[in-house]
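As given, the protein sequences belong to chains A and B, one line each in that order. Using my numbering, the letters of the first sequence map in sequence onto residues 328 to 663. Using my numbering, the letters of the second sequence map in sequence onto residues 328 to 663. Here a beta-carbon is modelled for each residue, glycine too, at the ideal position from N, C-alpha and C.
Protein chains: 2
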Amino acid sequence: MKCRKCGGRAVLELRRHNTAFCAGDFLDFFRHQTLETIRRWKMLSRDEPVLVAVSGGKDSLALWDVLLEAGYTTAGLYIDLGIFDYSRESKARCQAFAAGRDARLIVVSVAEEVGAGIPQVKDVTRRPTCSACGLSKRYIMNRAALDHGFGVVATGHNLDDEAATLLGSTLRWDESSLARQTPVLEVTHPKLARRIKPLFRLSERETAAYAFLRGIDYIVEECPFARGATSISHKEVLNRLEDVSPGSKASFLLGFLERARPRFQAGESVDLRECLRCGQTTTGEVCAFCKLADQVRRAAPRSAVPLGSAALEPTDPAPLRGLAADLSAASEIHAS
Amino acid sequence: MKCRKCGGRAVLELRRHNTAFCAGDFLDFFRHQTLETIRRWKMLSRDEPVLVAVSGGKDSLALWDVLLEAGYTTAGLYIDLGIFDYSRESKARCQAFAAGRDARLIVVSVAEEVGAGIPQVKDVTRRPTCSACGLSKRYIMNRAALDHGFGVVATGHNLDDEAATLLGSTLRWDESSLARQTPVLEVTHPKLARRIKPLFRLSERETAAYAFLRGIDYIVEECPFARGATSISHKEVLNRLEDVSPGSKASFLLGFLERARPRFQAGESVDLRECLRCGQTTTGEVCAFCKLADQVRRAAPRSAVPLGSAALEPTDPAPLRGLAADLSAASEIHAS
């Protein structure tokens with residue numbers, strides 16, 4: 328197989344683009360796709376500082392790499408979820424990445440913010456673990472951006488993540504999720520940072536290839552809490568459709584953004600105010616994050632395992648919970 | 328396992344309803360679901376004569392059976408597609424069913440209407456076979472209803488058919504298909520019969536069980552032209568989701584009808600006029616069916632196989648065509 332651009336030996340075939348590239352031309356293609364997405368979707372202006380939420384995985388580190396290379400002013404944000412070895416190793420990857428590029432890395436710990444790490448949060452809330460974790464991450468991302476003077480947060484969500492989330496929302500026809508699904512979540516309140524997903528048109532396989540070819544040392548393991556419910560995953564379903572008909576994932580997602588999302592946005596307006604406790608945005612009086620922190624606090628005396636200490640690492644897959652919620656949350660964990 | 332109603336031995340478990348029934352109580356459940364659907368969706372008034380499109384398969388014969396039992400004034404409509412043994416056997420099943428119940432069966436042949444059977448139509452049109460066949464069936468159903476004084480045509484589409492069609496349209500975000508997907512297609516022109524799908528809330532497994540328990544002799548084989556492209560079918564995908572989370576098929580379809588379809592109907596208005604040739608409705612000057620008949624006529628002298636004579640029966644699966652179109656059309660063939 329030959330590189331479509333230079334005629335040299337190709338290392339990667341991209342069936343949905345009906346093309347193949349050598350290493351160098353693939354890296355160029357990846358950078359071009361990312362920067363073109365930023366330009367076309369008006370995600371970021373050239374001199375706007377951007378906070379890149381990094382998990383230590385391939386997607387977010389690849390994104391940070393492209394933005395640094397392109398000369399954007401960035402800082403990384405690592406949110407320490409307190410999930411045993413998974414968190415320790417993913418944090419080490421982010422720190423090594425930042426050190427190697429002389430880049431700034433901000434580290435925020437869920438345990439400090441909410442009163443306990445995700446393993447303990449899991450035990451005291453009735454929310455599915457992935458839901459409580461996603462809530463905490465979105466909250467911390469936004470607050471860290473405001474605290475450190477960033478107007479925009481970039482996450483590493485790729486095409487597979489976004490298509491899987493969309494499939495989940497569509498199977499439930501969850502109108503507010505559908506209205507909110509976009510690669511550029513615009514600011515609707517002065518206390519919100521814009522959230523952008525510059526990799527949303529690149530597949531998981533492509534971000535993995537980019538990270539590999541760039542020699543980025545990323546964490547391959549999945550979060551231990553995301554296992555189990557994925558026995559049948561929306562990603563798997565979409566992969567099978569993609570195998571038969573290359574490009575179907577992209578056309579599902581892009582078709583939605585172009586033709587369907589506007590129909591779900593109509594009439595969808597949320598009245599935001601500031602949380603009486605923390606001042607972040609909420610639709611009620613006290614925000615969901617402060618309520619979660621309350622739950623953790625209240626549970627502390629009753630909890631068998633002291634909060635903040637190391638709880639037992641899960642060995643068995645979590646029982647099946649609401650499938651759709653799990654899967655969309657799992658894809659979020661993965662990439663944010 | 329015990330029948331939820333009488334405590335006797337259950338023959339069928341319905342996981343999404345979290346219940347199980349003996350044969351008699353299942354038949355009652357099935358009839359009740361069908362008649363309740365007719366009532367709630369205002370499909371049919373008590374004394375309105377209805378033309379039931381029957382293919383010889385389980386769904387449409389089960390539907391006709393329920394309607395006859397409930398005392399509706401019905402006639403069956405069998406459309407002879409001219410597809411070799413498949414058509415001969417399915418026609419025989421319909422004739423036997425009608426004879427056994429002293430019911431009226433109208434038979435219309437595609438070969439007489441369009442100039443050739445589906446196997447020959449397949450060779451002269453660039454449309455996928457299932458698309459040309461679906462077009463012919465919808466046309467003939469409507470014309471037969473008008474010719475024989477029926478204001479409404481009922482088809483046997485079940486929950487699996489409808490959910491699979493919806494999944495196909497959703498993956499493509501095909502706005503006009505989404506706007507049109509409904510269990511009651513209302514009349515928007517005096518030359519259109521209302522089309523209703525009274526089984527749309529009952530699964531394929533349930534219609535099969537009903538037909539079996541009622542001793543209905545139906546054709547089990549699939550149409551030979553529908554094979555091949557179904558290697559990965561939307562039905563299969565939905566079945567896997569249903570296995571993990573019983574009720575997800577129904578909630579996908581019903582959620583769409585309730586919350587999403589109205590958003591796709593908005594602004595969707597089609598200007599219908601009468602075809603200059605045949606007088607049936609069309610959006611253009613000459614309807615798609617007359618154009619198809621023209622193609623068949625023009626191809627006749629050039630065709631290697633004389634039209635109307637028996638063409639070779641297909642042995643190999645048809646090559647993969649547009650997957651989504653195929654699958655949605657295949658489910659249509661199945662059930663109409």
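Just to confirm the assignment, what range does the alpha helix (DSSP H) spanning residue i have?
i        : result
Leu395/A : 385–396
Ala490/A : 486–499
Leu581/A : 575–582
According to DSSP, simplified to helix, strand and coil, what is residue i?
i        : result
Glu601/B : strand
Ile467/B : helix
Arg625/A : helix
Thr642/B : Low confidence applies to Thr642/B: its pLDDT is 45, below 50, so where it sits in the model is not reliable enough to give any reading.
Asp407/B : strand
Thr452/B : coil
Ala631/B : Low per-residue confidence applies at Ala631/B: pLDDT is 45, beneath 50, and the placement is therefore not dependable, though the value from the model is reported in the following sentence. In this structure, Ala631/B counts as coil in the three-state DSSP scheme.
Arg541/B : coil
Phe348/B : strand
Ile365/B : helix
Ala443/B : coil
Lys618/B : helix
Ala657/B : Low confidence applies to Ala657/B: its pLDDT is 33, below 50, so where it sits in the model is not reliable enough to give any reading.
Leu339/B : strand
Arg521/A : strand
Ala593/B : coil
Leu529/B : coil
Ser558/B : Confidence at Ser558/B is low in this model, with a pLDDT of 43, below 50, so the placement of that residue should be treated as unreliable; the coordinate-derived value is given next. Helix.
Lys418/B : helix
Leu371/B : coil
Thr400/A : coil
Thr609/B : strand
Ala535/A : helix
Mark residue i as exposed unless 16 or more other C-beta atoms lie within 10 angstroms of its C-beta, in which case mark it buried.
i        : result
Arg600/A : exposed
Met328/B : exposed
Glu513/B : exposed
Lys369/A : exposed
Asp570/B : exposed
Thr610/B : exposed
Glu659/B : With a pLDDT of only 34 at Glu659/B, under the threshold of 50, the placement of this residue in the model should not be trusted; the figure read from the coordinates follows. Looking at its Cβ environment, which holds 16 or more other Cβ atoms inside 10 Å, Glu659/B is buried.
Asn485/B : buried
Gly515/B : Strictly speaking, residue 515/B in this sequence is Thr, with Gly absent from that position. Result: exposed.
Ala419/B : exposed
Asp355/A : exposed
Val547/A : exposed
Asp374/B : exposed
Cys330/A : buried
Pro517/B : exposed
Ala397/B : exposed
Leu498/B : buried
Going along chain A, which residues have a C-beta under 9 Å from residue i?
i        : result
Phe527/B : Residues of chain A passing the Cβ test: none, with the nearest at roughly 16 Å.
Ser578/B : Leu498, Arg499, Trp500
Asp587/B : Before going further, note that residue 587/B is Ala rather than Asp in the sequence given. Chain A residues near Ala587/B: Thr497, Trp500, Glu502, Leu505, Ala587, Arg590, Phe591.
Please list the partners that residue i has in chain B, where partner means a Cβ-to-Cβ separation under 7 Å.
i        : result
Leu473/A : By Cβ distance, chain B contributes nothing, its closest Cβ being about 34 Å from Leu473/A, past 7 Å.
Val564/A : Val564
Counting along the chain, where does the beta strand (DSSP E) carrying residue i start and finish?
i        : result
Ile433/B : 432–436
Ala481/B : 479–481
Val547/B : It is not in any beta strand (DSSP E) - Val547/B carries neither H nor E in the DSSP assignment.
Val564/A : Here Val564/A belongs to no beta strand (DSSP E); instead the alpha helix (DSSP H) covers 561–571.
Glu513/B : Note, Glu513/B: premise wrong, no beta strand (DSSP E); not H, not E.
Ala380/B : 377–381
Taking 7 Å as the line, does the beta carbon of residue i fall inside it for any heavy atom of the ligand ATP?
i        : result
Leu498/B : The ligand ATP is absent from the structure shown, which contains no ligand whatsoever.
Quick one: which chain B residues come within Cβ less than 8 Å of residue i?
i        : result
Phe583/A : Trp500
Along chain A, which residues have their Cβ under 8 Å away from the Cβ of residue i?
i        : result
Leu540/B : In chain order: nothing, as chain A lies at least about 31 Å away.
Leu519/B : Within 8 Å Cβ-Cβ: nothing; Leu519/B doesn't reach chain A, min ~26 Å.
What residues from chain A crowd round residue i, counting only those whose CB sits closer than 7 Å?
i        : result
Ser575/B : Leu498
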